[in-house]
Each structure stands twice: as C-alpha cells, then as structure tokens.
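Number of protein chains: 2
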Amino acid sequence: MGKQIWKPGNMLYPLPAVMVSTGDTKGNTNILTIAWTGTVCTNPAMAYISVRPERYSYGMLRETGEFVINLTTEKLAWAADYCGVRSGRDVDKWKETGLHRGKAETLDFAPLIRESPVNLECRVTEVKELGSHHMFLAEVKAVHADEAYLDKNGRLELNHAGLLVYSHGEYLAAGKKLGTFGYSVKKKAPDQKKTVQKKKASAHKKRLEHKKASHRKAT
Amino acid sequence: MGKQIWKPGNMLYPLPAVMVSTGDTKGNTNILTIAWTGTVCTNPAMAYISVRPERYSYGMLRETGEFVINLTTEKLAWAADYCGVRSGRDVDKWKETGLHRGKAETLDFAPLIRESPVNLECRVTEVKELGSHHMFLAEVKAVHADEAYLDKNGRLELNHAGLLVYSHGEYLAAGKKLGTFGYSVKKKAPDQKKTVQKKKASAHKKRLEHKKASHRKAT
Chain L
53 MGKQIWKPGN MLYPLPAVMV STGDTKGNTN ILTIAWTGTV CTNPAMAYIS VRPERYSYGM
113 LRETGEFVIN LTTEKLAWAA DYCGVRSGRD VDKWKETGLH RGKAETLDFA PLIRESPVNL
173 ECRVTEVKEL GSHHMFLAEV KAVHADEAYL DKNGRLELNH AGLLVYSHGE YLAAGKKLGT
233 FGYSVKKKAP DQKKTVQKKK ASAHKKRLEH KKASHRKAT
Chain E
53 MGKQIWKPGN MLYPLPAVMV STGDTKGNTN ILTIAWTGTV CTNPAMAYIS VRPERYSYGM
113 LRETGEFVIN LTTEKLAWAA DYCGVRSGRD VDKWKETGLH RGKAETLDFA PLIRESPVNL
173 ECRVTEVKEL GSHHMFLAEV KAVHADEAYL DKNGRLELNH AGLLVYSHGE YLAAGKKLGT
233 FGYSVKKKAP DQKKTVQKKK ASAHKKRLEH KKASHRKAT
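If you're matching them up, the sequences are chains L and E in order.
The opening position of the first sequence corresponds to residue 53 in the working numbering, with each subsequent residue numbered one higher.
The opening position of the second sequence corresponds to residue 53 in the working numbering, with each subsequent residue numbered one higher.
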C-alpha cells in the first residue's frame with residue numbers, strides 16, 4: 053500500500069496526558085489536562101505547555117507565571133480525562149476527582165497534585181502566542197518523586213508507575229519494555245558481542261524486509 | 053510513603069521517540085532520533101524539535117529550515133535507537149538501518165522515511181537557543197499517512213500501528229486502551245446514563261481510596 057497526503061494537522065503521537073495545576077493570587081486553584089507538552093531543553097531543564105486562551109487556567113498562568121506538571125498513571129486516567137473536558141469555571145475539579153493539593157517547594161501560588169508519582173514545578177520564562185494555543189516556556193525549578201517508585205539505591209523506577217499514554221484521541225496503558233536507550237549498539241562481553249549484535253541487526257532487517265514485501269504486494 | 057524533592061531535571065514522560073529526517077543543499081541527508089518533540093499549536097498546526105548544536109543534523113536544520121518528523125513503531129525500535137546513538141558524521145544511517153528515503157511534498161531538501169506510518173513535513177519558523185538544546189519551532193506543511201492504517205471510511209487508526217513509547221531511558225510498546233477522550237463525562241442512553249456515570253466515578257474513587265490507604269499505612 054502507499055501513503056495518502058493530507059493537509060497540515062496534528063498527528064504527533066504518542067504523548068503524555070499530564071495534569072497541570074495552577075493557582076492565582078486570590079487562592080483559587082485549578083487542574084487542566086494537557087497533551088501539548090514536552091521537554092524543550094536538558095540544561096537548564098525546561099518544559100512547555102500550550103494552552104488555549106479561553107481555558108480557565110490561562111489567566112492564572114498569565115498572572116503568576118507558575119504551574120506544576122503532574123504525571124498521570126492508569127489509576128489517574130479517569131481524573132485526567134475529566135480535568136481535560138470540564139472547566140474549572142463550572143466545577144471544583146479537586147472535589148469532583150478526589151485529588152489533593154500539596155504545597156510546592158519553589159512556587160508561591162500553584163499547588164501540586166499529591167496523587168501523581170512525579171511533579172515538576174515550573175516557572176514561566178516566555179509566552180509565545182502562536183495561534184489557537186499560546187505556548188508557555190518554563191524552567192523546571194524542582195521535581196517531586198514518589199518514594200513508592202524508588203528502588204533500594206534511590207533510583208526512580210518511573211516505568212513501574214503505570215504511566216498513562218495519550219495517542220490520537222485514546223488513553224493507553226504503557227506496554228511491555230522493548231529495549232533500553234543505546235541497546236542497538238550495546239557492547240556485550242567479547243564472546244557474546246558479535247552474535248548478539250548480528251542477531252539484533254538481522255532481526256531488525258527481517259522485520260523491514262517483511263514490511264517491504266507486503267508493500268510491494270499491495271502497490 | 054512520601055515524596056522526595058529533587059533538583060530541577062527532565063522527568064516528563066511518556067514521550068514519542070520520533071526519527072527526524074533532514075537534508076542539506078548539497079544532497080546530504082541524515083536521520084536523528086528525538087524525544088524532545090511535541091505539538092505546540094493546533095491551528096496553525098505547529099510542532100517543535102529540540103536539538104543539541106553538536107548534532108550532525110543541526111547544520112542542515114539551520115541551512116534549510118526543513119525537517120520531517122517520522123513516527124516510529126515497535127518494528128522501528130531498533131532503527132530509532134540506532135539513529136539516536138550513532139552520528140551521521142560516522143555512518144550512513146539509511147544504509148545501516150535499511151530505511152528508505154521518500155520525496156516530501158512541500159519541502160525541497162529534507163526527505164521522509166518511507167517505512168514510518170506517518171510523516172509530518174515541517175518548516176522552521178523560529179529557533180530558540182535555550183541552552184544545551186536549541187528549539188526549532190515549525191509549521192506542519194503536510195502529513196503523509198500509510199494507507200495500511202486507514203479504516204474503510206478513510207479514518208486513520210493510528211493506534212493499530214504499534215507506536216513506540218519512550219519513557220525514562222526505555223522503549224516501551226503502547227499498551228491496552230483505557231478510554232477515549234471525553235469518556236469520563238460521556239452521555240449514554242438515558243436508562244444507562246446514571247449507572248454508567250456513577251460506576252465510572254465510583255471505580256475512580258475506589259482506586260484513589262486504595263492509594264490513599266496505602267499512603268497512610270506507610271507514612
């Protein structure tokens with residue numbers, strides 16, 4: 053089969069579906085769910101969220117320049133969806149979801165969500181008004197990690213948390229592990245090395261051959 | 053258990069691990085794998101990639117202002133990892149991975165990767181030099197979708213493609229479907245409605261209660 057060419061659109065997946073918590077100077081707080089988010093720089097650690105100006109949290113973000121990115125898990129899927137489709141103008145999302153506010157370490161107004169395995173405290177450095185969405189670029193100021201997911205050496209085993217994946221309108225669980233960063237070129241003990249490397253490369257080529265063959269058949 | 057507070061870091065997951073294809077005006081092309089990527093605006097459709105200036109593709113991106121985001125799948129995990137750890141200065145990644153160049157519709161220099169289920173042609177609008185990484189903001193100019201994943205009505209069933217997830221140093225398969233966007237407030241037929249809504253909310257509360265109880269026990 054071939055490919056269809058479509059007009060410009062948003063088809064970059066899979067993505068996280070994070071709950072972003074915000075607050076204003078009067079003590080109001082809210083949660084909104086966002087998939088238009090990501091890491092933009094390793095050092096300094098920076099992330100972004102893109103938000104429609106119509107959203108209830110938008111004014112809080114503009115007023116305080118603060119937000120917390122709260123990672124979501126399978127257990128939090130219902131709450132994540134709810135906070136993505138309901139507005140804080142109409143409902144108290146904390147009450148409706150049963151989630152609890154926690155105190156941020158470096159922020160003055162935005163709370164964190166205690167039930168999330170990881171919270172990233174963010175301070176806005178710049179807002180870019182791109183179109184339907186305004187992008188809030190931010191520096192990560194502190195990270196909170198749930199001790200339930202630390203191994204005995206204190207290393208975070210984040211993939212034991214059952215992180216939530218958002219892809220093309222659907223929430224998915226994270227599936228089985230396929231490899232670790234760098235596995236395609238990993239050095240093994242000298243006697244293993246050649247066999248393992250060759251096996252991996254050859255398995256990969258076989259998968260591609262298979263795909264090519266079915267492409268040829270169809271086109 | 054409680055939480056540990058860490059210094060600023062990059063802990064926003066799960067993410068895509070896309071292969072980005074680039075080209076220069078002399079006909080050289082390359083593939084680099086990137087997780088620091090995402091959608092930044094729905095309308096106009098905009099995406100970004102963040103790239104270290106040391107990377108071989110960086111000069112091509114600066115020279116032409118073009119790149120293609122190629123989505124990756126389980127079958128492409130080996131190639132994605134390989135293109136993330138090897139440099140185009142040292143190896144011909146097309147040859148080493150067996151991937152094939154395709155012609156972009158709206159770009160002059162950057163090719164697409166034929167084996168990817170979806171390709172997003174991107175044209176850079178701005179480069180932000182943030183620190184270790186420079187962020188390339190771009191408009192999506194065209195989307196290519198593999199007909200193998202279109203249903204009989206021509207709708208893309210992207211989650212049948214087996215998309216690759218990158219999370220905290222590991223490649224994961226996408227797992228089972230947990231819900232569809234809006235499922236937490238979805239209206240059912242009148243007789244079903246209350247029961248279903250209540251069931252969903254109550255299942256969610258039970259999961260949170262369970263989590264709270266185990267937190268209480270440990271802290």
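Cβ coordinates follow ideal geometry from the N, Cα and C atoms, glycine included.
Bear in mind that the values here come from a model prediction, so they are computed numbers and not experimental data.
Check	Outcome
I need the boundaries of the beta strand (DSSP E) containing L/V103, first residue and last residue.	98 to 103
Expressed to the nearest angstrom, what Euclidean distance is found between the alpha-carbon atoms of E/E126 and E/G90?	19 angstroms
Would you verify that the beta carbon of L/H212 is, or is not, closer than 8 angstroms to some beta carbon of chain E?	no
State the beta-bridge partners of E/T81 as determined by DSSP.	E/G75
Helix or strand or just coil, what does DSSP make of E/S236?	helix
Taking L/E118 as the query, report the chain E residues whose CB atoms sit under 9 angstroms from its CB, ordered along the chain.	Result: empty, since nearest Cβ-Cβ is about 14 angstroms, beyond 9 angstroms.
Can you tell me which residues form a DSSP beta bridge with L/F188?	L/I101, L/V179
When the Cα of L/E118 is compared with those of L/A255, L/E173, L/G150, L/G79, which residue comes out closest?	L/E173
Reducing DSSP to helix, strand and coil, say where E/T116 ends up.	helix
Select from the stretch 218 to 242 of chain L all residues with a C-beta closer than 7 angstroms to any C-beta belonging to chain E, and list them in chain order.	S219, H220, G221, E222, Y223, L224, A225, A226, G227, K228, K229, L230, G231, T232, F233, G234, Y235, S236, V237
In whole angstroms, what is the alpha-carbon distance linking L/T74 and L/S184?	20 angstroms
Are the beta-carbon atoms of E/H152 and E/N171 separated by less than 8 angstroms?	no
Return yes when the Cβ of E/E191 is within less than 8 angstroms of the Cβ of L/P60, no when it is not.	yes
Any idea what DSSP makes of L/D160, helix, strand or coil?	coil
With three or more beta-carbon pairs closer than 8 angstroms as the criterion, would you say the stretch 81 to 98 of chain L touches the stretch 107 to 122 of chain E?	no
Looking only at C-alpha atoms, which of L/G231, L/M98, L/Q56 sits nearest to L/E178?	L/M98
Could you list the residues in the stretch 86 to 104 of chain E with a C-beta less than 9 angstroms from some C-beta on chain L, going in chain order?	A87, W88, T89, G90, T91, V92, C93, T94, N95, P96, A97, M98, A99, Y100, S102, R104
Is it buried or exposed for E/T124, if we count other Cβ within 10 angstroms and need 16 for buried?	buried
Does the beta-carbon of E/N62 have 16 or more other beta-carbons within 10 angstroms, so that it is buried, or is it exposed?	buried
Which of helix, strand or coil does DSSP assign to L/T149?	helix
Using a Cβ-Cβ cut-off of 7 angstroms (strictly less than) and excluding sequence neighbours within five positions of E/R268, which residues of its own chain qualify?	Only weak support exists for where E/R268 lies, its pLDDT of 49 falling under 50; the value from the coordinates is given anyway. No residues qualify anywhere along the chain.
Should L/K245 be flagged as near chain E, meaning a C-beta pair shorter than 8 angstroms?	Low local confidence applies: a pLDDT of 48 at L/K245 is under 50, so the model's placement there is unreliable, with the coordinate-based value given in what follows. No, its Cβ sits nowhere closer than 8 angstroms to a Cβ of chain E.
To the nearest angstrom, how far is the alpha carbon of E/E106 from that of E/K180?	15 angstroms
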